[in-house]
Every structure is written in structure tokens, then in C-alpha cells.
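In this note's numbering, the protein residues as written are 12 to 182. Here a beta-carbon is modelled for each residue, glycine too, at the ideal position from N, C-alpha and C.
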């Protein structure tokens, strides 16, 4: 899950081998529904779930409820193993909505422990100024994600490769 343009569908495409949809490069978000993508991974069935964007507006509460309801229907018995929250490292601004939305989502899904959350910065393959990107990452971890990290959430960088995506889901 994450804001529009953070690379949610792209992350899933790297793991499934699916090609990027032509509409995915447009300005309007392409993912409108909660969409499961079952894959065989390391000898087991893994279901990746693409979600609509969460963008810190009033509709987010409803979007989170739709995501939670869909997961409860598709994964009865609390089979949600990890939540991966994506954030573009190229964004000039951040807000604390990630913390609020992850907490709300966790509550709706039965209080998924924070140790199951992966906070992932994306677009590292597009970074032109490494020092500035590293500074943004430090700011995210110290100001916006600190409480989640104390609860056990882990931080990762996604380099837009299958190997990078696998490292994140294997953690």
C-alpha cells in the first residue's frame, strides 16, 4: 500500500514477471480495486495484493476499510503476513499520514504487529542526488516512521529490480 505513484503495481510486477500496464505511466492512478496476485514463490503460494492509492485525503478511511474488508474475505483467519508500505524517495515532502494509515489499517485487519510492516522507499533507480535522497530517508525514519520502527517495522530500499523486491519480502 502507499500513495499514488509510489510503485505498488510496479513492485508486484517485478515479483510476478508481469509487464507494466500501458496506463500505469499516466497521471491518473490505474489501480482502483484491491487485486490479488497469487504466485508460486520458494515452494509456497504467496498472494501479493495491489491496492488503490492512499493519499492523505478524506477518502482514505474508506479506502482502508475496502482494503481491510477485501483481505478479510480473501484471507480468512488473519493470513496477512506482511504489509509493505511504499513511499517515493524522490518526493520533496512527506507527511505523517503513513503512520496514521498504517495504524488504521492494522486495526481494521486485527492489529497486525508492526514487526510485520515493511516501510519501503522507492524510485532509488531514478535518484540523481544520492546525498539528498539519503537525507530524505533519514528524515522519514527519524521524524515520520520512528514510532513504527520502535514497534518493529523495518526499513528497505526498492531499486526497481526483482532481486530488490525479493529481499524485501524475504525479510
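Around the beta carbon of residue 24, 16 or more other beta carbons sit within 10 angstroms, so the residue counts as buried. Per DSSP, residue 15 lies in no beta strand (DSSP E) segment and is marked neither H nor E. In this structure residue 138 touches residue 100 by the C-beta definition: roughly 6 angstroms separates them, less than 8 angstroms. Per DSSP, reduced to three states, the secondary structure at residue 140 is coil, with no helix or strand assignment. Residue burial is scored here from C-beta neighbours: residue 147 has at least 16 other C-beta atoms within 10 angstroms and is therefore classed as buried. Between the C-alpha atoms of residue 171 and residue 17 there is a straight-line separation of about 11 angstroms.
Relative to residue 180, the option among 43, 153, 14 and 59 whose CA is nearest is 59. As a beta-bridge residue in DSSP terms, residue 55 pairs with 52. In the three-state DSSP reduction, residue 23 falls in the helix class (H, G or I).
According to the DSSP assignment, residue 129 belongs to the beta strand (DSSP E) that extends over 128–133.
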